[in-house]
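To start, the structure itself, in structure tokens.
Numbering (the numbering used here), first residue to last: 4 to 240.
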């Protein structure tokens with residue numbers, strides 16, 4: 004993911020005229036997720052239709068690759084969909100009610116994932132095709148593993164010390180410092196994209212992740228439960 008999809012807790016707080024109440028959203032069910040769509044977007048039917056079509060597709064992809072137990076946990080995360088929120092450019096996960104209240108966001112978005120700008124979502128996912136999984140991975144890290152998950156902290160420190168992510172290929176064709184190095188939360192979400200789908204930084208896919216960062220690969224197997232599936236006889240490709 005690029006820097007624009009950073010955790011909402013590090014976004015700059017600016018003046019706001021307030022937030023839309025939850026009553027301004029229409030509830031939908033998509034692939035087992037609760038999705039709340041802002042009326043502002045609904046009033047733009049063509050954009051709303053394309054946004055919902057893409058969101059459904061991304062959620063469907065997730066249901067095909069994430070093991071059942073972990074998938075059930077992911078589906079506990081509500082997804083909020085905005086037309087064009089002025090405070091952040093595309094997607095984020097909201098871990099803290101206190102931060103939401105202090106910065107004049109709807110506090111009911113706590114522990115939810117937000118698509119804040121529908122047009123950017125349609126555009127940016129062309130180069131970040133597993134963006135929704137990235138943000139849901141933040142929710143899984145927070146709510147299931149916990150931020151004190153020691154196996155992850157250990158391999159993240161090793162990755163930083165080893166400098167193997169300091170200059171890696173980006174989807175734009177240039178070498179850059181990997182977004183995964185920002186913190187262990189982004190490390191988990193970025194590597195989860197490669198583990199189940201495709202990331203926009205190297206390692207891009209599962210086989211590259213296994214070769215580049217075998218210790219993180221093993222942590223992800225345990226964290227997401229794919230090692231249990233493999234032990235049961237189904238091959239994880």
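We put the beta carbon where it would ideally sit given N, CA and C, even for glycine.
- When the alpha-carbon of residue 119 is set against those of 40, 220, 223, the nearest one is in 40.
- Residue 204 is bridged by DSSP to 173.
- Here residue 97 has 11, 103, 108, 112, 113, 114, 115, 116, 117 as same chain residues with Cβ atoms under 8 Å from its own Cβ, once five neighbours each way along the sequence are excluded.
- DSSP places residue 115 within a strand segment (E or B) once states are collapsed to three.
- When secondary structure is reduced to three states using DSSP, residue 180 falls in the coil class, being assigned neither helix nor strand.
- Collapsing the DSSP output to three states places residue 152 in coil.
- Residue 39 has 30, 83 as its beta-bridge partners, per DSSP.
- Between the stretch 131–140 and the stretch 198–215 there are three or more C-beta pairs closer than 8 Å, enough to call the two in contact.
- Beta-bridge partners of residue 95 (DSSP): 117.
- Contact annotation: the stretch 61–79 does not touch the stretch 87–101, with fewer than three C-beta pairs closer than 8 Å.
- In the displayed model, residue 137 falls within a helix according to three-state DSSP.
- Taking a cut-off of 8 Å for Cβ pairs, the stretch 214–223 and the stretch 155–162 touch, as three or more such pairs fall below it.
- Beyond the five residues adjoining it in sequence on each side, residue 45 comes within less than 8 Å, by CB distance, of 29, 51 in the same chain, given in chain order.
- Judged by beta-carbon spacing, residue 140 lies beyond the 8 Å limit of residue 207, meaning their Cβ atoms are not closer than that value.
- In this chain, the alpha helix (DSSP H) harbouring residue 210 covers 209–215.
- For residue 199, the uninterrupted alpha helix (DSSP H) segment begins and ends at 187–199.
- Between the C-alpha atoms of residue 163 and residue 174 there is a straight-line separation of about 21 Å.
- Closest by C-alpha distance to residue 142, out of 84, 214, 62, 188, is 188.
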